[in-house]
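Asks: Line order of the protein sequences matches chains A and B.
When we follow the UniProt record's numbering, the leftmost residue of the first sequence carries the number 1, and every step to the right adds one.
When we follow the UniProt record's numbering, the leftmost residue of the second sequence carries the number 1, and every step to the right adds one.
Where is the CB? At the ideal position from N, CA and C, for every residue including glycine.
After the structure tokens below, expect a handful of questions from me.
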Amino acid sequence: MSLWEYANPVKFIRTTDKVLPWVWTLAGLCLVTGLVWGFFFTPNDFRQGSTVKIIYIHVPSALMAINAWLMMLVASLIWIVRRHHVSALAARAAAPVGAVMTVIALATGAFWGQPMWGTWWAWDPRLTSFLILFLFYLGYMALWEAIENDDTAADLTSILCLVGSVFAILSRYAVNFWNQGLHQGATLSLDKEENISDVFWFPLLVCMAGFVLLFIALVFLRTQTEIRARRTRALLSREGQA
Amino acid sequence: MRALLLRDLMLAIRAGGGFGLGLAFFLIVTVLVPFGVGPQTELLSRIAPGILWIGALLACLLSLDRILALDWEDGSLDLLATAPLPMEGIVTIKALAHWITTGLPLVLAAPVLGVLLSLPIPAYQWVVISLAVGTPALSVIGTFGAALTVGLKRGGLLMSLLVLPLYVPTLIFGAEVARRGAEGLTVQTPLLLLAGISFGVIALLPFASAAVLRINLR
Numbered sequence: 001m002s003l004w005e006y007a008n009p010v011k012f013i014r015t016t017d018k019v020l021p022w023v024w025t026l027a028g029l030c031l032v033t034g035l036v037w038g039f040f041f042t043p044n045d046f047r048q049g050s051t052v053k054i055i056y057i058h059v060p061s062a063l064m065a066i067n068a069w070l071m072m073l074v075a076s077l078i079w080i081v082r083r084h085h086v087s088a089l090a091a092r093a094a095a096p097v098g099a100v101m102t103v104i105a106l107a108t109g110a111f112w113g114q115p116m117w118g119t120w121w122a123w124d125p126r127l128t129s130f131l132i133l134f135l136f137y138l139g140y141m142a143l144w145e146a147i148e149n150d151d152t153a154a155d156l157t158s159i160l161c162l163v164g165s166v167f168a169i170l171s172r173y174a175v176n177f178w179n180q181g182l183h184q185g186a187t188l189s190l191d192k193e194e195n196i197s198d199v200f201w202f203p204l205l206v207c208m209a210g211f212v213l214l215f216i217a218l219v220f221l222r223t224q225t226e227i228r229a230r231r232t233r234a235l236l237s238r239e240g241q242a
Numbered sequence: 001m002r003a004l005l006l007r008d009l010m011l012a013i014r015a016g017g018g019f020g021l022g023l024a025f026f027l028i029v030t031v032l033v034p035f036g037v038g039p040q041t042e043l044l045s046r047i048a049p050g051i052l053w054i055g056a057l058l059a060c061l062l063s064l065d066r067i068l069a070l071d072w073e074d075g076s077l078d079l080l081a082t083a084p085l086p087m088e089g090i091v092t093i094k095a096l097a098h099w100i101t102t103g104l105p106l107v108l109a110a111p112v113l114g115v116l117l118s119l120p121i122p123a124y125q126w127v128v129i130s131l132a133v134g135t136p137a138l139s140v141i142g143t144f145g146a147a148l149t150v151g152l153k154r155g156g157l158l159m160s161l162l163v164l165p166l167y168v169p170t171l172i173f174g175a176e177v178a179r180r181g182a183e184g185l186t187v188q189t190p191l192l193l194l195a196g197i198s199f200g201v202i203a204l205l206p207f208a209s210a211a212v213l214r215i216n217l218r
């Protein structure tokens with residue numbers, strides 16, 4: 001029994017079909033618990049007031065925006081090395097989800113920044129690198145759509161994903177060059193003394209778990225859809241020939 | 001390899017368009033900016049280094065699809081692929097030819113256009129140096145973008161979308177060198193980082209471009 005068995009589309013669909021209801025339920029539970037807990041049962045921050053509650057959407061979506069790209073990177077590598085179609089399709093399925101997460105992070109950040117910093121947008125290193133990440137998502141999805149041959153598209157996008165990752169990291173350090181910016185540093189690290197207060201931390205943790213589960217559920221579902229769409233196309237083209 | 005380089009240069013100069021197009025675009029951008037932001041000298045001289053860099057980058061972007069598209073259409077790319085030259089060599093030569101026909105003229109034209117934007121005197125050398133160091137990176141990254149989209153019917157817009165985020169680090173460091181030079185600050189750190197990006201992409205990216213081109217020619 002190895003992980004590579006799931007490279008078989010049939011096996012993948014059968015397993016994810018069994019797992020998916022559980023993931024959906026857990027994701028829903030976590031999100032509802034975390035958000036309700038965060039929105040209604042935590043105190044207001046003494047300086048930020050109630051706007052601090054944006055954190056329960058902002059931080060998890062930002063987390064998933066980066067991790068979705070990481071997942072695409074791993075899936076692309078698996079496709080290049082072992083050429084499992086499910087892997088390429090999973091990378092394709094994750095891209096729009098990651099792009100939406102990036103937009104959510106940017107939008108909630110703007111809503112948060114307006115009352116706190118007095119501006120919707122600043123060319124701050126973190127904000128800028130998220131904008132660049134969003135551009136990478138757009139380019140990646142556009143390339144998938146533009147190429148007709150599935151295997152060529154998978155090859156090209158996975159190489160774009162590899163090269164893009166390197167440049168995304170480069171950009172992250174390049175924009176640091178301007179200044180430290182408005183965005184605060186990390187306050188959620190496990191190894192630091194000064195961290196966010198536990199009152200906010202526990203509901204946030206539940207929200208992050210909810211977003212991770214939601215991402216997994218969406219990627220499973222979208223991968224299944226891609227596999228089925230490809231099967232349908234294969235059947236249709238076979239009928240067309242007959 | 002030398003024959004291929006000569007052929008590409010000849011084609012770019014004689015076939016018209018390719019050689020002058022980038023330069024003309026660069027000229028248009030720098031001439032249009034004062035119309036857009038107004039002719040105040042101090043404002044212009046403050047934004048001049050950035051404008052020159054953006055103009056050079058856009059001029060580079062405009063000419064990217066010429067790197068491979070024409071050879072793809074008439075089939076000479078297939079011939080090149082079967083030649084004894086490795087694919088990595090081909091894309092490197094293509095990028096070099098693109099740099100000589102687009103990047104180098106831009107570097108030489110930048111000080112002339114700097115006059116139009118009332119670029120501060122100490123900035124001239126740094127604009128030229130930063131462009132000279134940075135434009136090879138633009139050509140090499142652009143060749144990667146061109147190789148990605150070579151088989152597509154309307155690849156131009158898609159290529160811009162793919163290439164622009166890849167250009168960000170080069171632009172940031174290049175414009176930073178020019179800006180610091182204009183203000184009389186030390187430029188060593190961004191200049192070294194810019195050179196690092198240039199050498200890094202020249203050393204590594206041709207492998208990615210060649211891999212992509214092989215997939216597209218399959």
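(1) With a Cβ-Cβ cutoff of 9 Å, do A:Cys30 and A:Val206 count as a contact?
(2) Quick one: residues in its chain with C-beta nearer than 7 Å to the C-beta of A:Ile80, no 5 flanking neighbours on either side, listed in chain order?
(3) Let me confirm a value: A:Lys11 is counted as buried when at least 16 other C-beta atoms fall within 10 Å, else exposed. Which label applies?
(4) Do the region 189-199 of chain B and the region 170-181 of chain B make contact, defined as three or more Cβ pairs closer than 8 Å?
(5) I need the boundaries of the alpha helix (DSSP H) containing A:Glu5, first residue and last residue.
(6) Give a yes or no on contact between the region 154-172 of chain B and the region 133-149 of chain A, applying the rule of three or more CB pairs nearer than 8 Å.
(7) Is residue 255 of chain A helix, strand or coil when you go by DSSP?
(8) Which residues in the same chain as B:Leu77 place their Cβ atom closer than 6 Å to its Cβ, once the five residues preceding and following it in sequence are excluded?
(9) Anything in chain B within Cβ reach of A:Val100, meaning under 8 Å, just list it in chain order.
(10) Taking the beta carbon of B:Pro84 as the centre, do at least 16 other beta carbons fall within 10 Å, making it buried, or is it exposed?
(11) Taking Cβ positions only, does B:Leu77 come closer than 9 Å to chain A?
(12) Among the residues of its own chain, which have a CB less than 7 Å from the CB of B:Leu205, if the five just before and after it don't count?
(13) Which of the residues in the region 151-184 of chain A, read from start to end, lie with their CB under 7 Å from any CB of chain B?
(14) Do the region 56-64 of chain B and the region 98-111 of chain B meet, that is, are 3 or more Cβ pairs less than 8 Å apart?
(15) Give the range of the alpha helix (DSSP H) segment to which A:Ser129 is assigned.
(16) How would you call A:Tyr137, buried or exposed, if buried means at least 16 neighbouring beta carbons within 10 angstroms?
(17) Helix, strand or coil for B:Arg154 per DSSP?
(18) Could you list the residues in the region 165-179 of chain B with a C-beta less than 7 Å from some C-beta on chain A, going in chain order?
(19) Along the chain, which unbroken stretches of the beta strand (DSSP E) at least 3 residues long are found entirely within the region 55-123 of chain B?
(20) So which residues on chain B does A:Phe136 lean against when the C-beta distance must stay under 7 Å?
(21) Which residues of chain A have a Cβ atom closer than 9 Å to the Cβ of B:Ile215, listed in chain order?
(22) Taking C-beta pairs closer than 7 Å, name the residues in chain B that A:Ala142 reaches, listed in chain order.
(23) Can you check whether the C-beta of A:Ala91 is within less than 9 Å of a C-beta belonging to chain B?
(24) Classify A:Phe200 as helix, strand or coil using the three-state DSSP reduction.
(25) Report the option in B:Gly151, B:Ala147, B:Arg218 whose CA atom is closest to the CA atom of B:Phe207.
(26) Anyone know if the C-beta pair for A:Val19 and A:Phe211 falls short of 9 Å?
(27) List the whole-angstrom C-beta distance separating A:Ile54 from A:Phe111, where the pair is believed to meet the contact cut-off of C-beta under 8 Å.
(28) Identify whether A:Trp121 lies in helix, strand or coil by the three-state DSSP scheme.
(29) Taking contact to mean at least 3 C-beta pairs separated by less than 8 Å, is the region 57-73 of chain A in contact with the region 13-27 of chain A?
(30) Could you tell me which of A:Gly240, A:Val163, A:Leu204, A:Leu106 sits nearest to A:His183, measuring between CA atoms?
(31) Report yes or no: do three or more beta-carbon pairs, one from the region 28-35 of chain B and one from the region 124-134 of chain B, lie closer than 8 Å?
(32) Leaving out five residues on either side along the sequence, give the residues of the same chain with a beta carbon under 7 Å from the beta carbon of B:Leu138.
(33) In three-state DSSP terms, what is A:Phe40?
(34) Which residues in the same chain as B:Ala175 place their Cβ atom closer than 7 Å to its Cβ, once the five residues preceding and following it in sequence are excluded?
(35) Going along chain A, which residues have a C-beta under 8 Å from B:Pro190?
Replies: In short, the structure shows the following:
(1) yes
(2) Ser158
(3) exposed
(4) The count of Cβ pairs closer than 8 Å, one atom from the region 189-199 of chain B and one from the region 170-181 of chain B, reaches three, so the stretches are in contact.
(5) First-last for A:Glu5: undefined, no H or E at that position.
(6) yes
(7) Since the displayed chain A opens at 1 and closes at 242, residue 255 of chain A lies outside it and no answer follows.
(8) Asp71
(9) Neighbours of A:Val100 on chain B: none; closest Cβ ~18 Å, over 8 Å.
(10) exposed
(11) no
(12) Val140, Ile141, Phe144
(13) Thr152, Asp155, Leu156, Ile159, Leu160, Val163, Phe167, Leu170, Ser171, Ala174, Val175, Phe177
(14) yes
(15) 125-146
(16) buried
(17) coil
(18) Pro165, Leu166, Val168, Pro169, Ile172, Phe173, Glu176
(19) For secondary structure counted as the beta strand (DSSP E) over 3 or more consecutive residues, the region 55-123 of chain B holds no complete run.
(20) Pro165
(21) The answer, in chain order, is Asp151, Thr152, Asp155, Leu156, Ile159.
(22) Leu158, Leu161
(23) no
(24) helix
(25) If we check each option's Cα against that of B:Phe207, B:Ala147 comes out closest.
(26) no
(27) Their Cβ separation, rounded to whole angstroms, is 6 Å, which keeps A:Ile54 and A:Phe111 in contact under 8 Å.
(28) Coil at A:Trp121, not helix or strand.
(29) no
(30) A:Leu106
(31) Verdict: no, contact absent.
(32) Leu57, Cys60, Gly103, Tyr167, Thr170
(33) Note: A:Phe40 maps to helix in three-state DSSP.
(34) Pro49, Gly50, Trp53
(35) Phe177
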